[in-house]
Each structure stands twice: as C-alpha cells, then as structure tokens.
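Numbering-wise (our numbering), the sequence shown opens with residue 1 and increments by one. To start, the structure under review is shown below, and the notes come after it.
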Amino acid sequence: MIIKPEEWPDLGQGKQKDLDNDYMIFCSNFNGTWDQYIDAFSDGIPGGLNLFWLTASKFPQSIPITAFKNYINHNSVTTDYFYNATPGSAQRDIKTSICLNEVINTLAEAHATQSPEDFAKTYCEQLTTVQDCLGDPGFGPVASLDTERADLNRASEIERLMSRLNIKKDMK
1 MIIKPEEWPD LGQGKQKDLD NDYMIFCSNF NGTWDQYIDA FSDGIPGGLN LFWLTASKFP
61 QSIPITAFKN YINHNSVTTD YFYNATPGSA QRDIKTSICL NEVINTLAEA HATQSPEDFA
121 KTYCEQLTTV QDCLGDPGFG PVASLDTERA DLNRASEIER LMSRLNIKKD MK
C-alpha cells in the first residue's frame, strides 16, 4: 500500500513540508528467518526491489546482497512488540484454511443428506478441489544456499568460542 504525504493524517502537527528524500515504511511477517526473507526477494526479484527503492536515499541496489542487507539493517526500526493473530501461519496458510473450512462445511452438509455412495463421490470431488491446501505450516524452504553456507561457515568459529568460554554444546 502506498500512502502519499497529502493523505497522511494530521495528528496536530499541521501541514508537513516536502521531504528532500523519499521514505518508505515496509512491514512484513514472513514465516522464515530474516536472511531467508531478504535472500528470497534479492534472488527472486532484484529488479523489482531496485525499482521499489529507486529513489530511497543511499540505496545500494539489491545485488550484491551484503550491501543490501547492511542498508536494511542500518535503516530498520526495531520494535519491542509484534502482534500476530495466527502465530506460525503465513497469508497462504490462512487462505488455504478458509478454503478447507468451506469444503468441510460442504462435506458436513452432504454427509447428513447423501447416501454413502453419493457421499464418497462428493468427498473425492471436494478433496481434489483442496488438495493443494493440505500443506503444513512451519519453516519455509531455504530461499538461498547463502544462509545455509553462512551457518556452516560459522559453526567452527562458534564451536571454538564455546570451547574457549567452557560452554558445553548441549547448553547452546
């Protein structure tokens, strides 16, 4: 959603002056790690990201990824709160749950009125309409091997530090 400055609410501050730079507020609740999220966008739509942030001050481009991640980190605002009505579920999970609920209601009605043979047919028909909705919420796929490689590259250093600090592995 894009909110133009002239559409910003007046909270008693009066008319705002024009800004020298463009500013963007970007909020997300991706159901993976931060690295996976940024990697997915940078790998998948680098041109789209560049277009999206084209006029943002000091934007380094989305590739190479390290400069892009540093830019995001530098310009991020961390909050101490986050509300999620459906923890662990992404937008796709919610949409598929709604579809499944509709089919379950249809099947409940059919079960009450149909013969076992007719219900079996209805069941198969309904199942084929939602077979792509039967996923499992959880960790998203690895969007980039960079995250996995970084974890592997850090493992020996973490182990060395834990050993130096006399921390046992099972106490991570």
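All C-beta atoms in this analysis are idealised placements derived from N, C-alpha and C, irrespective of residue type, glycine included.
**Enclosing alpha helix (DSSP H) for A107 [first to last residue]** = For this step, residue 107 is matched to residue 107 along the sequence shown. For clarity, residue 107 is Leu in the given sequence; the question names Ala instead. Counting along the chain, the unbroken alpha helix (DSSP H) around L107 starts and ends at Q91 to T113.
**Asked** Do T106 and Q131 have their C-beta atoms closer together than 7 Å?
**Response** Counting from one through the sequence shown, the residue named residue 106 turns up at place 106. Counting from one through the sequence shown, the residue named residue 131 turns up at place 131. It is not a contact, given that the beta carbons lie outside the stated cut-off.
**Asked** According to DSSP, is A56 helix, strand or coil?
**Response** On the sequence shown, residue 56 is found 56 positions in, with the first residue counted as 1. A56 falls in the strand class under three-state DSSP.
**Item:** Candidates A155, Y81 and G135, of which the one nearest N90 by Cα
**Value:** Sequence index remark: in the sequence shown, residue 90 carries index 90 (1-based). A quick correction: the sequence has Ala, not Asn, at residue 90. Taking only the C-alpha atoms, the option nearest A90 is G135.
**Prompt:** Apart from the five residues on each side of it in sequence, which residues of its chain come closer than 7 Å, Cβ to Cβ, to S42?
**Reply:** Walking along the sequence shown from the start, residue 42 turns up at place 42. Here the set comprises L49, S62, I63, I65 and F68.
**Prompt:** My guess is that C124 and T96 are in contact by the Cβ rule of under 8 Å, so how many angstroms apart are they, rounded?
**Reply:** The residue given as residue 124 occupies position 124 in the sequence shown. The residue given as residue 96 occupies position 96 in the sequence shown. Rounded, the Cβ-Cβ distance is 19 Å, inconsistent with contact.
**Given 8 Å, three or more beta-carbon pairs between the stretch 49-60 and the stretch 79-88** = no
**Asked** Would you report the Cα separation of I38 and K58, rounded to the nearest angstrom?
**Response** As a position in the sequence shown, residue 38 is number 38, starting the count at 1. As a position in the sequence shown, residue 58 is number 58, starting the count at 1. Whole-angstrom Cα-Cα distance: 18 Å.
**Item:** Among L11, D35 and P5, the one whose alpha carbon lies nearest that of N21
**Value:** Indexing the sequence shown from 1 puts residue 21 at position 21. Minimum Cα distance to N21 is reached at P5.
**Item:** For D132, three-class secondary structure by DSSP
**Value:** Looking up residue 132 in the sequence shown gives position 132. D132: helix per DSSP, three-state reduction.
**Message:** In whole angstroms, give me the CA-to-CA distance for L19 and D93.
**Reply:** To locate residue 19, count along the sequence shown from 1; it is residue 19. To locate residue 93, count along the sequence shown from 1; it is residue 93. Rounded to whole angstroms, L19 to D93 spans 39 Å at the Cα level.
**Message:** Using a Cβ-Cβ cutoff of less than 6 Å, which residues in the same chain neighbour M162 once the five nearest sequence positions on both sides are dropped?
**Reply:** Translated into the one-based positions of the sequence shown, residue 162 becomes position 162. So the list is empty, once near-sequence residues are dropped.
**Prompt:** Which residue's Cα is closest to the Cα of N70: D35, A155, I98 and K17?
**Reply:** For the purposes of this step, residue 70 is identified with residue 70 of the sequence shown, where counting begins at 1. Closest in alpha carbon position to N70, among D35, A155, I98 and K17, is D35.
**Message:** Here's a check: name, in chain order, each residue in its chain whose Cβ is nearer than 7 Å to the Cβ of L100, leaving out the five neighbours to either side.
**Reply:** As a working mapping, residue 100 is identified with position 100 in the sequence shown. Only V130 and C133 meet the Cβ criterion.
**From C27, K121, Q114 and L11, residue whose alpha carbon lies closest to that of Y81** = Here residue 81 corresponds to residue number 81 of the sequence shown, with the count starting at 1. When each option's Cα is compared against that of Y81, the closest is C27.
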